[in-house]
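What follows is one structure encoded as structure tokens, with my remarks underneath.
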Amino acid sequence: MTTENTQSLENILSTAQTLRWEVGIDFHEKVTESIYTDAARIADRATTRPEEKPRFDFDRKLDQILTSRVWGFPLMLALLMIVFWLTISGANVPSSMLATLLLDTIHPLLKGFAATIGMPWWLDGFLFDGVYMATAWVISVMLPPMAIFFPLFTLLEDFGYLPRVAFNLDNMFRKSGAHGKQALSMTMGFGCNAAGVVATRIIDSPRERLIAIITNNFALCNGRWPTQILIASLFIGALVPVQLAGLVSSMAVVGIALLGIFLTFASSKFLSKTWLKGEVSTFSLELPPYRPPRIWQTIYTSLIDRTFIILWRAIIFAIPAGAVLWLSANITIAGTSLAGYLINFLNPFGLLLGLNGVILVAFIVAIPANEIVVPTIMMLTVLVTGANGGEGAGVMFELESGMETMALFEAGGWTLLTAVNLMLFSLIHNPCSTTIYTIYKETGSKKWTWVAALAPVLMGFAVTFVVAQVWRLVEMIL
Amino acid sequence: MTTNTKDSCETCPIHDAAALKKLGVDMSDFDYVVALAGNPNTGKSTVFNALTGLRQHTGNWPGKTVSRAEGGFEYGDHKYKLVDLPGTYSLLATSLDEEVARDFILFGQPDVTIVVVDATRLERNLNLVLQVLEITNRVVVALNLMDEAKRHGIQVDERRLARDLGVPVVPMVARQGEGVPELLQAVGEVANRKTVGKPYRVKYDSPELKKAVTEVTKQIENAYPELPNPQWVALRLLDGDERIAEALRKGELGDLTHGDIEKRSAQLQVIGNQ
Amino acid sequence: MVNPLFALLIAAAVTVLGFYVFSPERGLFWKWQHTRELSERVLREDALKHIYHAKNASVESLAGALSISTNQVADVIEGLQSLELLEIEVSNFKLTSDGRDYALRIIRAHRLYERYLAEETGYDEVNWHEKAHQLEHELSSEDVEALAQKLGNPTHDPHGDPIPTADGKMVYSEKRTRLANLELDERARIIHLEDEPEAVYAQLVAEGLHIGQEIRLLEATPQRIRFETGAGEHLLAPILAANISVIPFAEEPEKELEVGLPLSDLEIGEEREVLSLSPRIRGAERRRLMDLGILPGTMIEAEMESAGGDPVAYRVRGAVIALRKDQAAMISVSAEA
Ligand SMILES: Nc1nc2c(ncn2[C@@H]2O[C@H](COP(=O)(O)OP(=O)(O)OP(=O)(O)O)[C@@H](O)[C@H]2O)c(=O)[nH]1
Ligand SMILES: [Mg+2]
Ligand SMILES: [Zn+2]
Ligand SMILES: [Zn+2]
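Chains A, B and C are the protein sequences, given in the same order. Taking my numbering, the leading residue of the first sequence gets 1, the next gets one more, and so forth. Taking my numbering, the leading residue of the second sequence gets 1, the next gets one more, and so forth. Taking my numbering, the leading residue of the third sequence gets 1, the next gets one more, and so forth.
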């Protein structure tokens, strides 16, 4: 650049600077006004509107119901309930069919094949009992619920219901010192917390965005439902007559999801009263018109895109986890396996929380993917109890029937308290590693990443601890 | 799918959907970069999917897309890289998703910018269109959601609009793929400079603005006669936009796309340190 | 197994102790951190600022402004002199040019940070000054420049004070004058509200006064100052009114000063014209509302209430936009349909 040019540039900049003092504070306003004046004129010339405003169109009527004081919240709850109930009860049959196929039919075939070609026991165990079983378990437990949940959710999304949820919930978010659009990132979090964290980008204010990022973990992501669903059906559904079991267990799962929402509000409020202090900023959200969803396309794309992509991720993580588990259960030092040492070490602490060492180890193993919590627990329980319900040490499996699984858990010293606390801890613990990494990328701050990762674990400890101690106290008194 | 009956010029590729080759994520050796801008929830990602064959997520709420997505298509003899952007109400962005969009439109130097507008909320959408037209004349306006406009009895005269805005306007129903061939043709012509827009320029008439804007614009015109958008640069300088001043200093309004997300993250840290 | 009662008691004790030590702003840990921050440097910087602003600063006025003893002031002055930031001419304090630059840097940090608090954080405005007063000593000059750039190099702080530029320029408008100096019935625009002392400022805020507001003087006597804004009529003691600075309009504006209705008062189904957006809607939110097309002259209709009662959706230029009530309260619409 020539010096002459530089000269004139500096001149321009200083002219601009001087004029800025003069134009004053509403420069921006004047600019926008000018643009809108022209936009309105051009739009007006190009459009012809109907004479009469249609007063009673469909959108308006529907909105009056979906956002009404009386029906707004009950309808929201009912929809949530229906979605979960369809997911839980609809997934039951295909899940067990998949399990029968993958675990009871194909697995023995593979083992038989290994035996015929004379594979060494460790390779056979590592591949088919470790890697294959982990994958098979994840597929049979995760695929059916996701294949039902995602299309349902996408239909609601395409219809235009999500912004109404944000609209209805904003009052509560406002009272918690958070932004109403957090409702949107929270709903995205029901699918996947990492996606939920990225979705917070739509929140204008950095303070409120940070709150939304940190609390997204309390939106129960799909990786954690299998745990919730399985434990709820085994322990809570079992408390009532068989006909009611499905309903009661889905209510338990919805209860946990609602507790998650409550914790979102509570921790948002806590953050905005302490480290992220500030008044609630403002909120503006455009409510789009309702649009009839294209059902087949939605089902197709949400199957392909969401279900298979997330399933793929789970499998990717399940394979190494299965391998590591198998190894740690089969490598022994002085007669005890590696996993055994860790379990014994954590057991006293686990018992204090109403859980046990096995569960804590499972949650550590499952940091990369929450999906594998339950199979890990079962495998490790076999290991410590020596019960021979399944295939042997280090094998991830699903037992054919609930009864057998129950028997296994009971052998591991489980009670109803263990089940309840497992459900609670599965809701309130650290986010998975992908989410943690996403949080780091989005905040760019190590400090907030640590907070987002550790605070929920501490909360989880606190909640399970209090529940366990109070539970035991009540038991003692009764 | 509509078939087009208008005469096509001799040099243009036969202009029907068959001339479109969706390339998915293949963006090798592209000739042109095309950006998809527009207000939130106007169907940008739907248009993106129709052109590239990808399945970028769409959803009926503003803010579905929060980061940039890229894909490729081939039309005529040229390969295009198409960039789907988050929706934005204006180029004076306020949230991070909008910043992503703004930065690409301003500094990504796309060869063509398609502004997808909602035909039922034209006035609000034109606010953005006019801002984009301040920066570049290589714009095609995709007048989407024509089916909804029709349902509400709103008629939009796209020729009138095209004449007023000074750039091509293509009516569309992106969800049904209607208008895709016309859009492709318009984009192709703008990219190949067969169509050169004469964009509408906003008149900053209020007494407070007029003097300041005219004065700075004049100085910029003198110093940088080759700059296509002196008035816009003047406005940005008057608004105290340091990045524009910096870009001028460096002698070009070059690629400043990078590093912005980090900057925004740094801001979260500032907050955290209070 | 541990006795549950015992376990709960221990946990409760640990919680209480943790709260006592770490609770934000009141806990021991925070107090300890806070006293550590009140270093020598902070005192020096505050002294520089005081001397820059005060017409004739003295040891006593410094002691008052920094709330320290006169002995401590002497130490601070000595420190400033040895750093060649301050000279003493015939018992008058005079900043050296370095000293002046230093003071302006601190003022720049202070005012930028106030602007930042106003636009980006939603802290209550009564707290801005206090916060900025702390942070001005902690921000590095890179931080300050990054902040300035992020905020779009603002020219004024939220109270209307000019922000010194990075190279130390600061322009106070020549037309700026005290409210009481206006002619009767003369119209003007508020351009500055003094933010110190905090109690006075809080009172002005409580009156609903803000920079940018149009104002008309109705009465000025030694006992009271009576004036009118778009929000209604105000009555202040002259000592309070002295903290308000205004710029008279160059020419009488055509439009009458219209007292409107807050948008939040509209019943569902009512449609009105937007008169103005209160200056209290700031920064990003102001830009957002304007981008959505909510501008003076726009027609706006209340469309529906949410289930929670609070955000209300309004129809604006064909779109439905939800706004919180406290926000809508700051948008003024015509009183008549
Ligand atoms: N009726 C109708 N609906 C459409 C049309 N184009 C898109 N849609 C729907 O409009 C909604 C928004 O579409 P998207 O493509 O996600 O919009 P977008 O502009 O990418 O939105 P953001 O990413 O949030 O900015 C979806 O529900 C689409 O199915 C159309 O031409 N007609
Ligand atoms: Mg999109
Ligand atoms: Zn101050
Ligand atoms: Zn100030």
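No residue lacks a Cβ here, since even glycine has one placed at the ideal position from N, Cα and C. Just so it is clear, the structure is predicted and the values come from calculations on it, not from any experiment.
- request: Specify, as a first and last residue, the run of the beta strand (DSSP E) that Asn92 (chain C) falls within.
  value: As a working mapping, residue 92 (chain C) is identified with position 92 in the third sequence. Taken as a continuous stretch (DSSP letters only), the beta strand (DSSP E) holding Asn92 (chain C) covers 92 to 95.
Practice task
Give the straight-line distance between the Cα atoms of Leu417 (chain A) and Leu96 (chain B), rounded to the nearest whole angstrom.
Solution key: Within the first sequence, numbered from 1, the residue matching residue 417 (chain A) stands at position 417. Within the second sequence, numbered from 1, the residue matching residue 96 (chain B) stands at position 96. Distance between the alpha carbons of Leu417 (chain A) and Leu96 (chain B): 44 Å.
Task: Which of helix, strand or coil DSSP assigns to Thr443 (chain A) - done: Position 443 of the first sequence, counted from the first residue, corresponds to residue 443 (chain A). Residue state, collapsed to three classes: helix.
Notebook entry, point to check: Do Arg324 (chain C) and ligand 1 come close, with the Cβ less than 7 Å from some heavy atom?
Noted result: Locating residue 324 (chain C) in the third sequence gives position 324, where the first residue counts as 1. No, Cβ of Arg324 (chain C) sits at least 7 Å from all heavy atoms of ligand 1.
- request: Under 8 Å between beta-carbons, which chain F residues line up against Gly72 (chain A)? List them in chain order, please.
  value: The structure shown contains no chain F; the protein chains it does contain are A, B and C.
Q | chain B within 8 Å of Lys61 (chain A), Cβ atoms only | A | As a position in the first sequence, residue 61 (chain A) is number 61, starting the count at 1. Output row for Lys61 (chain A): interface = no.
Give every residue whose Cβ lies closer than 7 Å to any heavy atom of ligand 2, listed in chain order. B:Lys44, B:Ser45, B:Gln56, B:Thr58, B:Lys64, B:Thr65, B:Asp84, B:Pro86, B:Gly87
| said: So with CB distances below 9 Å, who are the chain B contacts of Lys30 (chain A)? | reply: As a position in the first sequence, residue 30 (chain A) is number 30, starting the count at 1. By Cβ distance, chain B contributes Tyr204, Ser206, Glu208, Leu209.
ask   = Can you tell me the Cα-Cα spacing of Ile211 (chain A) and Gly180 (chain A), whole angstroms?
value = Here residue 211 (chain A) refers to the residue found at position 211 of the first sequence. Here residue 180 (chain A) refers to the residue found at position 180 of the first sequence. Spanning the two alpha carbons is a distance of roughly 12 Å.
**Asked** For the stretch 205 to 219 of chain C, which residues have a CB atom closer than 8 Å to at least one CB atom of chain B, in sequence order?
**Response** none
- Message: Residues of chain C with CB closer than 7 Å to the CB of Trp85 (chain A), please, in chain order.
- Response: Position 85 of the first sequence holds residue 85 (chain A). Per Cβ cutoff of 7 Å: no residues; Trp85 (chain A) is ~22 Å from chain C at best.
Subject >> Endpoints, alpha helix (DSSP H) assigned at Asn347 (chain A) >> reply: Locating residue 347 (chain A) in the first sequence gives position 347, where the first residue counts as 1. Unbroken alpha helix (DSSP H) run through Asn347 (chain A): 338 to 352.
Quiz prompt | Chain-order list of residues whose beta-carbon lies under 8 Å from that of Arg41 (chain C) (same chain, five-residue window excluded) | solution = Taking the first residue of the third sequence as 1, we reach residue 41 (chain C) at position 41. Excluding residues within five positions, the ones whose Cβ falls inside 8 Å are His137.
Worksheet item: Thinking C-beta only, is Asp291 (chain C) closer than 8 Å to Leu92 (chain B)?
Response: Walking along the second sequence from the start, residue 92 (chain B) turns up at place 92. Walking along the third sequence from the start, residue 291 (chain C) turns up at place 291. Yes, Cβ-Cβ distance for Leu92 (chain B) and Asp291 (chain C) is below 8 Å.
Subject >> Among C:Ala74, C:Asn181, C:Pro248, nearest to Lys175 (chain C) - alpha-carbon criterion >> reply: Here residue 175 (chain C) refers to the residue found at position 175 when the third sequence is read from its first residue. Nearest C-alpha to Lys175 (chain C): C:Pro248.
Please report the distance separating the alpha-carbon of Leu529 (chain A) from that of Glu303 (chain C).
Given a span of 1 to 478 for chain A in the structure shown, any question on residue 529 (chain A) remains unanswerable.
Interface partners of Trp21 (chain A) on chain C, CB under 9 Å
On the first sequence, position 21 is the one that residue 21 (chain A) refers to. Thr155, His156, Pro162, Val171, Ser173, listed in chain order.
Euclidean distance between Cα positions of Ile310 (chain A) and Ala91 (chain A):
By 1-based counting over the first sequence, the position of residue 310 (chain A) is 310. By 1-based counting over the first sequence, the position of residue 91 (chain A) is 91. Cα-Cα distance, rounded: 17 Å.
* Step through the CB atoms of chain A and report whether any lies within less than 8 Å of the CB of Gln72 (chain C). => Here residue 72 (chain C) is taken as the residue at index 72 of the third sequence, counted from 1. It does not: the Cβ of Gln72 (chain C) has no partner Cβ on chain A nearer than 8 Å.
At 7 Å on the CB atoms, spell out the chain B contacts of Ile35 (chain A), in chain order. On the first sequence, residue 35 (chain A) is found 35 positions in, with the first residue counted as 1. Per Cβ cutoff of 7 Å: Asn127, Leu130, Gln131, Val202.
Span of the beta strand (DSSP E) holding Tyr32 (chain B)?
-> Within the second sequence, numbered from 1, the residue matching residue 32 (chain B) stands at position 32. Start and end: 32 to 38.
For this session: Answer yes or no: does any C-beta atom of chain B fall closer than 8 Å to that of Leu277 (chain C)?
Result: The count along the third sequence starts at 1 and reaches residue 277 (chain C) at position 277. Leu277 (chain C) does not count as touching chain B.
Shorter than 7 Å, the distance from the beta carbon of Arg315 (chain C) to the closest heavy atom of ligand 1, or not? Position 315 of the third sequence holds residue 315 (chain C). No, since every heavy atom of ligand 1 falls outside the 7 Å radius drawn around the Cβ of Arg315 (chain C).
Exercise for the section: Return yes when the C-beta of Asp305 (chain A) is under 7 Å from any heavy atom of ligand 1, and no when it is not. Expected result: By one-based count along the first sequence, residue 305 (chain A) stands at place 305. No.
Against chain B, does Leu9 (chain C) count as a neighbour if the rule is that its beta carbon must be under 8 Å from one of theirs? Here residue 9 (chain C) is taken as the residue at index 9 of the third sequence, counted from 1. Leu9 (chain C) does not count as touching chain B.
Practice item. Closer than 7 Å, Cβ to Cβ, to anything on chain B: give me those residues from the stretch 311 to 335 of chain C, in chain order. Key: Arg317, Gly318, Ala319
Fill in: Asp291 (chain C): contacting residues in chain B (beta-carbon distance under 8 Å)
To locate residue 291 (chain C), count along the third sequence from 1; it is residue 291. Going along chain B in sequence order, the residues near Asp291 (chain C) (Cβ under 8 Å) are Tyr89, Ser90, Leu92, Thr94, Asn127.
Point to revise | Three-state class that DSSP yields for Glu391 (chain A) in the structure shown | key: By one-based count along the first sequence, residue 391 (chain A) stands at place 391. Per-residue confidence for Glu391 (chain A) stands at a pLDDT of 48, beneath the threshold of 50, marking its modelled position as unreliable; the derived number appears in the next sentence. Looking at Glu391 (chain A) - three-state DSSP - the assignment turns out to be coil, as it is neither helix nor strand.
Fill in: As assigned by DSSP and simplified to three states, the class of Val197 (chain A)
The residue labelled residue 197 (chain A) in the question sits at position 197 within the first sequence. Three-state DSSP puts Val197 (chain A) in a helix.
Check your understanding: Under a three-way DSSP split, which group does Lys198 (chain B) fall into?
Key -> Indexing the second sequence from 1 puts residue 198 (chain B) at position 198. Note: Lys198 (chain B) maps to coil in three-state DSSP.
### Query
Which same chain residues, not among the five before or five after Gly392 (chain A), have their C-beta less than 6 Å away from its C-beta?
As a working mapping, residue 392 (chain A) is identified with position 392 in the first sequence. Unreliable positioning characterises Gly392 (chain A) in this predicted model, as indicated by a pLDDT of 49, which lies under 50. A coordinate reading is not provided.
Chain-ordered chain B contacts of Gly160 (chain A) [CB-CB under 8 Å]: To locate residue 160 (chain A), count along the first sequence from 1; it is residue 160. Asn60, Trp61, listed in chain order.
Closer than 7 Å: Gly38 (chain B) CB and nearest ligand 1 heavy atom: For this step, residue 38 (chain B) is matched to residue 38 along the second sequence. It does: the Cβ of Gly38 (chain B) is within 7 Å (strictly closer) of some heavy atom of ligand 1.
With H, G and I counted as helix, E and B as strand and the rest as coil, what does DSSP make of Phe235 (chain A)?
Counting from one through the first sequence, the residue named residue 235 (chain A) turns up at place 235. DSSP places Phe235 (chain A) in helix when its eight states are reduced to three.
Open item on the list: Here's the rule I'm using: 16 or more other beta-carbon atoms within 10 Å means buried, otherwise exposed. How should Asn11 (chain A) be labelled?
Closed with: Position 11 of the first sequence, counting from 1, holds the residue named residue 11 (chain A). The residue is exposed, with fewer than 16 neighbouring Cβ atoms inside 10 Å.
Note to self: Given this structure, state the Cα-to-Cα distance separating Val34 (chain B) from Arg306 (chain A), to the nearest angstrom.
What the structure shows: Here residue 34 (chain B) is taken as the residue at index 34 of the second sequence, counted from 1. Here residue 306 (chain A) is taken as the residue at index 306 of the first sequence, counted from 1. So the alpha carbons of these two residues sit roughly 27 Å apart.
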